[in-house]
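Last residue of the sequence shown: 103 in the numbering used here, with the numbers rising by one and none dropped. Using N, Cα and C, we set each Cβ at its ideal position, and we do this for glycine too. This one's a predicted model, so the numbers in the text were calculated from it and none came from an experiment.
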Amino acid sequence: MTYEEQQTIEKILRTARTIATVGLSDDPQKPNHFVPAYLQAQGYRIIPVNPRLETALGEKAYAGVADVPEPIDVVQIFRRSDQVGPIVDEAIAAGARAVWMQIGVMNEEAAARSDE
-12 MTYEEQQTIE KILRTARTIA TVGLSDDPQK PNHFVPAYLQ AQGYRIIPVN
38 PRLETALGEK AYAGVADVPE PIDVVQIFRR SDQVGPIVDE AIAAGARAVW
88 MQIGVMNEEA AARSDE
């Protein structure tokens, strides 16, 4: 990671308040639960995006990013690489300032679209 990339990430995290987490789990043993729970404990508002949940972390859950009725700063993705493309498209359409893919999740085409 370059210095400029690190600075960009730090700026996003300093200014973001609302993070939509796609694939959030209600199992506290899984990273897709404890990572957003940690972020929530640090003061971020976490919006769960998982069609199997009604609520999580004290917030109403939504089936998709497009269903979230309020502004989103960051879309955090806990899905397989082959499922990332449509999620990134929804994040762009929702006006999210950043997309955060987890380590090991790679989709170069989707990443390029999110950079535009």
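Within 10 angstroms of the Cβ of residue i, are there 16 or more other Cβ atoms? Answer buried if so, exposed if not.
i                : result
alanine 119      : With the chain covering only -12 through 103, there is no way to say anything about residue 119.
phenylalanine 21 : exposed
threonine 8      : buried
tyrosine 25      : exposed
alanine 28       : exposed
glutamine 89     : exposed
glutamine 63     : buried
tyrosine 110     : No answer is possible for residue 110: the residues shown for the chain start at -12 and end at 103.
Alpha carbon to alpha carbon, how far is residue j from residue i? Give it in angstroms, no decimals.
i             : j             : result
leucine 11    : glutamate 96  : 23 Å
valine 52     : arginine 66   : 13 Å
glycine 82    : valine 75     : 11 Å
isoleucine 59 : lysine 17     : 23 Å
valine 86     : alanine 3     : 12 Å
valine 55     : asparagine 19 : 19 Å
alanine 78    : glutamine 70  : 13 Å
proline 35    : proline 23    : 9 Å
Can you tell me which residues form a DSSP beta bridge with residue i?
i            : result
valine 62    : Ala7 and Val86
threonine 42 : Lys47
arginine 32  : Thr5
Could you give the residue range of the alpha helix (DSSP H) that holds residue i?
i          : result
alanine 78 : 71 to 81
Can you tell me whether residue i sits near the ligand NAD, meaning its C-beta is under 7 Å from at least one heavy atom of the ligand?
i            : result
threonine -5 : With respect to the ligand NAD, the structure offers nothing, as it holds no ligand at all.
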